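Enquirer:
There are 2 protein chains.
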Amino acid sequence: MVTMADVARLAGVNASTVSHVLNGTRTVSGPTREAVLDAVARTGYRQNTLARSLARSSTTTLGLASRFVSNPHFADLVTSIESTARRAGYSLVLADTHDDPAQELRAVHELADRRVDGLLLAPSVHAVDEALPFLARAGIPTVLLDRFADCVFDQVAPENTDATALLTAHLADAGHTSVAFVAGLAGLSSTSERTAGFHRVVRERGLDGVVLDGRSETPVAEAAVLSAFASPGHPTAVVVGNNSMTVGALRALRTLRLRIPDDVALVCYDDPEWADLVDPPLTAIHQDVPAMATRAVTMILERLAGTAPAAPRRERIRPTFRHRASCGCAGPVRHDRGELLTPVP
Amino acid sequence: MVTMADVARLAGVNASTVSHVLNGTRTVSGPTREAVLDAVARTGYRQNTLARSLARSSTTTLGLASRFVSNPHFADLVTSIESTARRAGYSLVLADTHDDPAQELRAVHELADRRVDGLLLAPSVHAVDEALPFLARAGIPTVLLDRFADCVFDQVAPENTDATALLTAHLADAGHTSVAFVAGLAGLSSTSERTAGFHRVVRERGLDGVVLDGRSETPVAEAAVLSAFASPGHPTAVVVGNNSMTVGALRALRTLRLRIPDDVALVCYDDPEWADLVDPPLTAIHQDVPAMATRAVTMILERLAGTAPAAPRRERIRPTFRHRASCGCAGPVRHDRGELLTPVP
DNA sequence: GTGAAAGCGCTAACAT
DNA sequence: ATGTTAGCGCTTTCAC
Chain G
1 MVTMADVARL
11 AGVNASTVSH
21 VLNGTRTVSG
31 PTREAVLDAV
41 ARTGYRQNTL
51 ARSLARSSTT
61 TLGLASRFVS
71 NPHFADLVTS
81 IESTARRAGY
91 SLVLADTHDD
101 PAQELRAVHE
111 LADRRVDGLL
121 LAPSVHAVDE
131 ALPFLARAGI
141 PTVLLDRFAD
151 CVFDQVAPEN
161 TDATALLTAH
171 LADAGHTSVA
181 FVAGLAGLSS
191 TSERTAGFHR
201 VVRERGLDGV
211 VLDGRSETPV
221 AEAAVLSAFA
231 SPGHPTAVVV
241 GNNSMTVGAL
251 RALRTLRLRI
261 PDDVALVCYD
271 DPEWADLVDP
281 PLTAIHQDVP
291 AMATRAVTMI
301 LERLAGTAPA
311 APRRERIRPT
321 FRHRASCGCA
331 GPVRHDRGEL
341 LTPVP
Chain H
1 MVTMADVARL
11 AGVNASTVSH
21 VLNGTRTVSG
31 PTREAVLDAV
41 ARTGYRQNTL
51 ARSLARSSTT
61 TLGLASRFVS
71 NPHFADLVTS
81 IESTARRAGY
91 SLVLADTHDD
101 PAQELRAVHE
111 LADRRVDGLL
121 LAPSVHAVDE
131 ALPFLARAGI
141 PTVLLDRFAD
151 CVFDQVAPEN
161 TDATALLTAH
171 LADAGHTSVA
181 FVAGLAGLSS
191 TSERTAGFHR
201 VVRERGLDGV
211 VLDGRSETPV
221 AEAAVLSAFA
231 SPGHPTAVVV
241 GNNSMTVGAL
251 RALRTLRLRI
261 PDDVALVCYD
271 DPEWADLVDP
281 PLTAIHQDVP
291 AMATRAVTMI
301 LERLAGTAPA
311 APRRERIRPT
321 FRHRASCGCA
331 GPVRHDRGEL
341 LTPVP
């Protein structure tokens, strides 16, 4: 590959001059800059980001450590993060945590070794044990995404408790007294919060509430729903804790030949793209993934720019309630794309 | 951040010794290696990938340039690529092409500037004009993914023509004589091939075939189907060219109150996760994204290792036919997860 | 306005 | 078995 020295030689100038014209870091005479630009064009010179980053000790790169697979929001998340980052001149590198503490630590290490200027992390269950302390020690500006954890970093996540409470209350309003909740991976703040929202309403309304462990995975949720709804006295309604598990729940109910909403009413946290296409369309909580992604990047950039408040921020992105038909209630129902009917309080 | 020199000082050895124990590149005496490892542990030293890559002129990094958003396979693709790459000691960096030639060139440039050792590219419509020649000139080992293009690189993509022909023939077999095809983004090889498969059967069977432009986007496909099926003499069946457009097609038919498969039979290339959950379940072509991803990475690694044949390879990943109910035919139908019934020839 | 030179943190001959 | 030294390709003081 052609180097800056090659370009300099061809242009008859010093390498530092080439550097300066390329970066606009000092005034260069017209002819000189012409010569340099010409040499660049003729050689097809391309900067070496590694050398540049090493010399400047800054990579203008952000890292994203998250679970990739079966994260239904992944494409949206990455797209929004990448575009926001790029607009600020940053590029993005990814590492998969698999939502497993060991893999997460590996991912975070790798990103640190790459000297990312900032890091976005969807913390795993035990991030507080290793990954987060490491990041704090290493002094890498970080923002937590999607889930909270006890640490010194900025955090942004959707509102979970009230939203899940609203779903549960909605079922109670429709007359259900026996309701199941399919919970996500145990230990995640999102899971605890959604479960708490469910429990709150169960308590307040004196419902018969049961929590099933869906571990955030489609087949696990399917199996859980299958066994919980197999016997005659099963609950009459179910709240599903996220996107992937909704697929499992729907499959289980179909297998059991339980009709929605007549035999079992179903509502879910997360609003899959196809929520309006199944029969009946799903009543769901829709989270604004792009908003969360954008906010997270903004927070990191503010930290890097030094314009962020000293104290760590914890922000919530408000989701919206999409009232469709799977809840089986008497209220106004829209079968279309799921327009926002009732904002979550 | 603590550097190798810091570690060396603390261990009372030379930096090169530290390098060698960390990389296992030469024999080091027991005590010395102990001392080094101890110093590493005490300082929390982490390698600087930038410096290392610069010195070795190799990054053990692969680049992936593709369209992120509205690529329904994106999460799967990235996950499979990342895990295969990681297993071989490579990490992955991404750049979004937006399926736009200009953005694609920018993406490819960025990855080149990062000195990725190899590049995976889902070529845009005009990749042959700029991006591919650049990569060839720069001598960056590349493999094309998902779509083919006229160039010197290895390529791997799903089989499109026969699969789409099979879908179309399946409708013809069920008695349909007027069939529409919702085509993806014009210019992509995948679009041309799927369209060709459709046309082939139209010709062979003497069907009345019409091609709608869905531009690979949900709303565009929706609008196209909406207008094509609004009037009384509309086709009685439709083949949808991919995942995202299927969502649009389903919405359009619902808006028009056309029942599937009674009023319009529908089959699609691509088998969304929820294909078995809608009513009726979708008859579809299922592509093996992980297989394609894994194969692409393997091809790159073979090139890097020099074990690949000199001539560029063009490989197809065979998709499978999933017979469900939206085709409305009399054949054996499975309402479950869509088990493979008929392999594509 | 431009050049010379030191250095970013590492690797890899080359010594010993 | 270990230390010395010269880069990798760039940025950035410091001179002139």
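Going line by line, the protein sequences match chains G and H. Just so you know, we're using UniProt numbering here: the first sequence kicks off at 1 and counts up by one. Just so you know, we're using UniProt numbering here: the second sequence kicks off at 1 and counts up by one. Beta carbons: idealized from backbone N, C-alpha and C, even for Gly. These figures come from a predicted structure and were not determined experimentally.
Can you say whether residue 224 of chain G is buried or exposed, counting buried as having 16 or more other CB atoms within 10 angstroms of its CB?
Expert: buried
Enquirer: Kindly list, in the order they appear in chain H, the residues whose Cβ is closer than 8 Å to that of residue 68 of chain G.
Expert: In chain order: 75, 78, 79, 82.
Enquirer: Taking Cβ positions only, does residue 44 of chain H come closer than 8 Å to chain G?
Expert: yes
Enquirer: Where do the ends of the beta strand (DSSP E) carrying residue 118 of chain G lie?
Expert: 118-121
Enquirer: Name the chain G residues whose beta carbon is nearer than 7 Å to that of residue 124 of chain H?
Expert: Those do not exist, as residue 124 of chain H stays about 16 Å from chain G at its closest Cβ, beyond 7 Å.
Enquirer: Short of 6 Å in beta carbon distance, which residues of its chain neighbour residue 123 of chain H, apart from the five on each side in sequence? Order them along the chain.
Expert: Its chain contains 144, 147, 149 as the residues whose beta carbon lies nearer than 6 Å to that of residue 123 of chain H, once the 5 sequence neighbours on both sides are disregarded; these appear in chain order.
Enquirer: Can you check DSSP and say which residues form a bridge with residue 63 of chain G?
Expert: According to DSSP, which records beta bridges pairwise, residue 63 of chain G is partnered with G/93, G/119.
Enquirer: Can you round the beta-carbon distance between residue 59 of chain H and residue 116 of chain H to whole angstroms, since I take them to be within the 8 Å contact cut?
Expert: 6 Å
Enquirer: State the Cα-Cα distance for the pair residue 217 of chain H and residue 246 of chain H, rounded to the nearest angstrom.
Expert: 9 Å
Enquirer: I'd like to confirm the pairing. Which residues does DSSP put opposite residue 158 of chain H in its beta bridges?
Expert: Answer is H/317.
Enquirer: According to DSSP, is residue 238 of chain G helix, strand or coil?
Expert: strand
Enquirer: So, does the CB of residue 93 of chain G fall closer than 8 Å to a CB anywhere in chain H?
Expert: yes
Enquirer: Any chance you could list the beta strand (DSSP E) runs of at least 3 consecutive residues sitting entirely within the region 233-295 of chain H, in chain order?
Expert: 237-240, 265-269, 283-286
Enquirer: Pick from G/39, G/159, G/64: whose alpha carbon is nearest that of residue 285 of chain G?
Expert: That would be G/159, whose Cα lies nearest to the Cα of residue 285 of chain G.
Enquirer: Determine the extent of the beta strand (DSSP E) in which residue 182 of chain G is found, giving its start and end residues.
Expert: Annotation for residue 182 of chain G: the continuous beta strand (DSSP E) segment containing it runs 178-183.
Enquirer: Residue 234 of chain G to residue 188 of chain G, Cα distance in whole Å?
Expert: 27 Å
Enquirer: Between residue 247 of chain G and chain H, is there a C-beta pair that is closer than 8 Å?
Expert: yes
Enquirer: Do you know offhand how far residue 21 of chain G's Cα is from residue 12 of chain G's?
Expert: 14 Å
Enquirer: Does the Cβ-Cβ distance between residue 80 of chain H and residue 293 of chain H come in under 8 Å?
Expert: yes
Enquirer: Any contact of the region 270-277 of chain H with the region 314-331 of chain H, i.e. 3+ C-beta pairs under 8 Å?
Expert: yes
Enquirer: Have a look at H/192, H/85, H/184, H/261 and flag the residue whose alpha-carbon is nearest the alpha-carbon of residue 161 of chain H.
Expert: Minimum Cα distance to residue 161 of chain H is reached at H/192.
Enquirer: So, at 6 Å on beta carbons, what are the nonlocal neighbours of residue 256 of chain H in its own chain, with the 5 sequence-adjacent residues on each side left out?
Expert: 229
Enquirer: Taking any Cβ of chain H, which residues in the region 272-286 of chain G have a Cβ under 8 Å from it, in chain order?
Expert: 272, 273, 274, 276, 277, 278, 279
Enquirer: Are any of the Cβ atoms in chain H nearer than 8 Å to that of residue 346 of chain G?
Expert: Residue numbering for chain G in the displayed model covers 1 to 345; residue 346 of chain G lies beyond these limits and cannot be assessed.
Enquirer: Which of the three DSSP states is assigned to residue 132 of chain G in this structure?
Expert: helix
Enquirer: Buried or exposed, going by whether 16 or more other CB atoms sit within 10 Å of the CB of residue 56 of chain G?
Expert: Residue 56 of chain G is exposed by the Cβ-count criterion.
Enquirer: Between which residues of its own chain and residue 190 of chain H is the CB-CB distance below 6 Å, once the five residues before and five after are set aside?
Expert: Here the set comprises 147, 160.
Enquirer: Which residues of chain H have a Cβ atom closer than 8 Å to the Cβ of residue 112 of chain G, listed in chain order?
Expert: 46
Enquirer: Would you mind working out which of H/134, H/270, H/118, H/133 sits nearest residue 305 of chain H, comparing C-alpha positions?
Expert: H/118
Enquirer: Using a cut-off of 7 Å between C-beta atoms, extract the partners of residue 53 of chain G located in chain H.
Expert: 50
Enquirer: Going by the CB atoms, is the gap between residue 77 of chain H and residue 289 of chain H shorter than 8 Å?
Expert: Yes. Within cutoff.
Enquirer: Name the two residues that bound the continuous beta strand (DSSP E) containing residue 144 of chain G.
Expert: 142-145
Enquirer: My understanding is that residue 312 of chain G touches residue 152 of chain G, with C-beta atoms under 8 Å, so please give their C-beta distance in whole angstroms.
Expert: At roughly 6 Å, the Cβ-Cβ gap stays under 8 Å, so residue 312 of chain G and residue 152 of chain G are in contact.
Enquirer: Select from G/113, G/109, G/114, G/156 the residue whose C-alpha is nearest the C-alpha of residue 133 of chain G.
Expert: Ranking G/113, G/109, G/114, G/156 by Cα distance to residue 133 of chain G puts G/109 first.
Enquirer: Of all Cβ atoms in chain G, is any one closer than 8 Å to the Cβ of residue 100 of chain H?
Expert: no
Enquirer: Is the Cβ-Cβ distance between residue 85 of chain G and residue 297 of chain G less than 8 Å?
Expert: yes
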